[in-house]
Amino acid sequence: MGNRLGNKYGILCSQPTIGWRMLLSDLKIKTLKPESKPYRIRDGDGLYLRITPNGRRTWQIRYFFGEKERILSAGSYPEVSLQEAREVRYRTKKLLDQNIDPCSEKRREKSEAVYRDRNTFQLVAEEWFDSRKPDWTPRHAKKIWHRLETYVFPDIGKRSIADLKPLDVLKVIQKLEARDATEMSRCQLSACKRIFKYAVVTGRIQFNPAADLESALRRHRQKHHPTLRRPEIGEFLRAFERFECREVPKLGFELLLLTALRTGELRYSKWSDIHFARQEWVVRAEIMKMREMHVVPLSSQTLGALRRLELLTGDQEWLFPNPHRAKHPVISENFVNNIIRKIGFQDRIVGHGFRSMFSTVLNEQGFNRDAIERQLAHRERNQVRAAYNRAEYWEERRLIMQWWGDFLALAKENNSMIKAVMSNSPTPS
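Number 117 in the numbering used here belongs to position 85 of the sequence shown; there are no gaps in the numbering.
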């Protein structure tokens with residue numbers, strides 16, 4: 033018999049008061065009254081309106097697939113209009129012409145819709161984030177998630193990740209470019225690429241729609257952290273020495289200068305990380321940017337500052353505890369830039385700029401570049417060379433840190449005295 037709309041006998045109307053070839057209209061539907069038993073009114077070509085005793089009106093499409101007669105529910109009236117129900121009937125006929133069972137197709141589409149709802153971009157991003165979070169510092173993880181919530185999720189977070197096209201992602205990134213946030217736009221593109229890559233690996237999508245979008249972005253110009261030129265270092269240090277504030281943050285600032293640590297690494301250090309006998313500061317892997325333990329050789333100046341700090345906070349867990357906020361156990365991340373601003377150097381240097389200053393001065397002095405990079409805990413991409421760096425540069429790093437402490441001490445006294453410490457530096461490797 034083949035696949036067709038209608039029932040086995042071709043008599044599609046159970047109501048003798050309405051001719052079987054008569055089409056429905058909205059006016060006619062409104063006149064239909066519930067009866068003691070459910071009944072159907074035919075519109076034509078297998079489309080019915082079923083009326084129940086409680087007055088509910090439901091569209092049904094009766095069709096024959098192979099040897100079986102089946103009924104496809106097409107929604108309730110008036111939520112699904114008469115015209116919309118006829119469009120469903122038309123699509124049903126198209127499926128039958130392709131030898132596809134409409135009921136099976138509806139179940140498949142419903143299953144796909146549920147799958148899409150469970151695989152929105154934001155839900156997949158959360159899964160990716162949870163998988164990567166153990167490798168990040170708490171501050172870095174918080175920053176990544178905040179940026180996704182602010183710049184990406186409002187536009188594509190609720191959409192199925194499988195439905196997103198390159199243009200959808202590009203529009204998100206270009207909104208940031210339009211605000212002249214070029215660096216942020218590239219950061220968010222990078223995050224999106226990693227989320228889509230995770231979706232590919234976990235079977236949600238077939239290809240990464242963000243993979244080739246760099247060519248559509250503005251050319252990126254690297255922005256370097258503002259830092260001090262060598263003649264300005266002494267001026268800055270003397271201004272800092274005159275600055276009056278609480279002793280704990282001032283010692284924190286001094287130790288940041290002496291150690292070239294990142295602000296977060298300094299703030300989240302504990303007294304158990306300080307080894308006075310070995311003259312080492314062990315920065316735990318969980319607070320390092322690259323999640324690898326880092327050791328700082330302690331100069332005599334650093335040891336002195338730590339001893340003074342020990343008198344103030346040595347009976348507590350953290351080097352720099354926060355006495356005011358229980359939810360935040362350590363000193364605020366803004367303390368460094370606040371001090372810079374208060375001594376009037378906010379347009380000349382930022383907190384991270386001290387690491388650039390450390391690198392510039394030592395490289396100009398002729399110290400081994402690899403030893404400097406290792407002391408800054410910059411990751412070496414070549415794994416063999418990275419192992420060599422860790423094993424071979426320890427003694428040179430000790431010399432570097434003591435030279436740096438001496439350099440800062442003399443620079444604070446007088447810029448003209450810097451030459452003295454420079455002339456006493458070890459022979460560059």
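All C-beta atoms in this analysis are idealised placements derived from N, C-alpha and C, irrespective of residue type, glycine included.
ask   = By how many angstroms is the C-alpha of P170 removed from the C-alpha of E342?
value = Those two C-alpha atoms are separated by around 26 Å.
task = Go ahead and pull the three-state DSSP assignment for R88.
result = The answer is coil: DSSP assigns R88 none of H, G, I, E or B.
inquiry  = Please report the straight-line C-alpha distance between G235 and F308, rounded to a whole angstrom.
reply    = Straight-line Cα distance between these residues: approximately 52 Å.
request  = Look up K524 in the DSSP assignment and give the residues it is bridged to.
outcome  = Nothing about residue 524 can be reported from this structure: the residues present for the chain run from 33 to 461 only.
request  = Keeping to the same chain, check which residues put their C-beta closer than 8 Å to that of E137; ignore five residues upstream and five downstream.
outcome  = Result list for E137: L127, in chain order.
request  = Could you spell out the range, first to last residue, of the beta strand (DSSP E) harbouring E19?
outcome  = In this structure the chain extends from 33 to 461, so residue 19 is not present and cannot be described.
key: alpha helix (DSSP H) runs contained entirely in the stretch 207-277, provided each spans 4 or more residues   = For the stretch 207-277, whole alpha helix (DSSP H) runs of length 4 or above, ordered along the chain, are 214-233 and 262-274.
inquiry  = Assuming the contact rule is C-beta atoms closer than 8 Å, T345 and L351 should be a hit. Round their C-beta distance to whole Å, please.
reply    = 6 Å between Cβ atoms; contact.
inquiry  = Give me, in chain order, the residues of the same chain whose beta-carbon lies closer than 6 Å to that of F275; leave out the 5 immediate sequence neighbours on both sides.
reply    = Result list for F275: I375, in chain order.
request  = With DSSP as the reference, label P355 as helix, strand or coil.
outcome  = P355 sits in coil when the DSSP states are folded into three classes, being neither helix nor strand.
key: Alpha-carbon spacing of E2 relative to L245, whole angstroms   = The chain is shown only over 33 to 461; residue 2 falls outside these bounds and no answer can be derived.
request  = Check each candidate in R191, V184, S222 and I61 and name the one with the smallest Cα separation from V204.
outcome  = It is V184 whose Cα lies nearest to the Cα of V204.
task = Count the other C-beta atoms from every protein chain shown that fall within 10 angstroms of the C-beta of N240, then say buried if there are 16 or more, exposed otherwise.
result = By the neighbour-count rule (16 or more Cβ atoms within 10 Å), N240 is buried.
key: Candidates I371, M322, K302 and E318, of which the one nearest V362 by Cα   = Nearest C-alpha to V362: K302.
query = For the putative contact between L56 and D75, defined by C-beta atoms under 8 Å, what is the C-beta separation to the nearest angstrom?
reply = Right, the Cβ-Cβ distance comes to about 4 Å (below 8 Å), so this counts as a contact.
inquiry  = Could you tell me the alpha carbon to alpha carbon distance between R472 and T291, rounded to whole angstroms?
reply    = Not covered by the structure: residue 472. The range shown for the chain is 33 to 461.
task = Along the alpha helix (DSSP H) that carries V368, what are the first and last residues, could you check?
result = It spans F367 to K374 - the alpha helix (DSSP H) in which V368 sits, taken as one unbroken run.
task = Mind checking who I83 pairs with in its DSSP beta bridge?
result = For I83, which the question treats as bridged, DSSP gives the partners Y71 and R89.
key: For S105, three-class secondary structure by DSSP   = In the three-state DSSP reduction, S105 falls in the strand class (E or B).
query = How many angstroms separate the CA atom of G98 from the CA atom of L155?
reply = Between G98 and L155, the C-alpha separation is close to 41 Å.
ask   = Going by DSSP, which residues form a beta bridge with S192?
value = S192 is bridged to T152.
key: Nonlocal neighbours in the same chain, by C-beta distance under 8 Å from S68, ignoring five residues either side   = Counting only Cβ-Cβ distances below 8 Å, and skipping sequence neighbours, we find P85.
ask   = Closest by CA to T334, which one among L288, K359 and D379?
value = Looking at the Cα atoms, L288 is the closest of the given residues.
Euclidean distance between Cα positions of G266 and D379 = Answer to the nearest angstrom: the Cα atoms are 17 Å apart.
message = Could you give the first and the last residue of the continuous beta strand (DSSP E) run that contains V328?
response = Note, V328: beta strand (DSSP E), H326 to P329.
task = Would you kindly report the start and end of the unbroken alpha helix (DSSP H) that includes D402?
result = Its alpha helix (DSSP H) spans residues R401 to Q407.
request  = Drop a sphere of 10 angstroms on the beta-carbon of H6, count the other beta-carbons inside from all chains shown, and report buried for 16 or more, exposed for fewer.
outcome  = As shown, the chain starts at 33 and ends at 461. That puts residue 6 outside it, with no answer to give.
request  = Let me know if Y326 comes out buried or exposed under the rule of 16 or more other beta-carbons within 10 Å of its beta-carbon.
outcome  = Inspection of the sequence shows that residue 326 is occupied by His rather than by Tyr. H326 comes out buried.
message = Checking 8 Å against the spacing of the C-beta atoms, do P258 and I381 come in under that value?
response = Their beta carbons are under 8 Å apart, which means P258 touches I381 by this criterion.
ask   = Does DSSP classify H307 as helix, strand or coil?
value = In the displayed model, H307 falls within a strand according to three-state DSSP.
ask   = Can you tell me whether DSSP reads K125 as helix, strand or coil?
value = Taken through DSSP and simplified to helix, strand or coil, K125 comes out as helix.
message = On the DSSP bridge list, what partners appear for W350?
response = Under DSSP, W350 forms a beta bridge with K302.
key: Span separating the alpha-carbon of L442 from that of Q348   = Taking the straight line joining both Cα atoms gives about 33 Å.
query = DSSP state of V201, grouped into three classes?
reply = Here V201 sits in helix by DSSP.
task = Compare the Cα-Cα distances from K207 to each of P186, N395 and R191 and report the closest residue.
result = Measuring from the Cα of K207, the nearest candidate turns out to be P186.
key: Pairwise C-alpha distance: A173 and E445   = Annotation: E445 to A173 spans about 41 Å, alpha carbon to alpha carbon.
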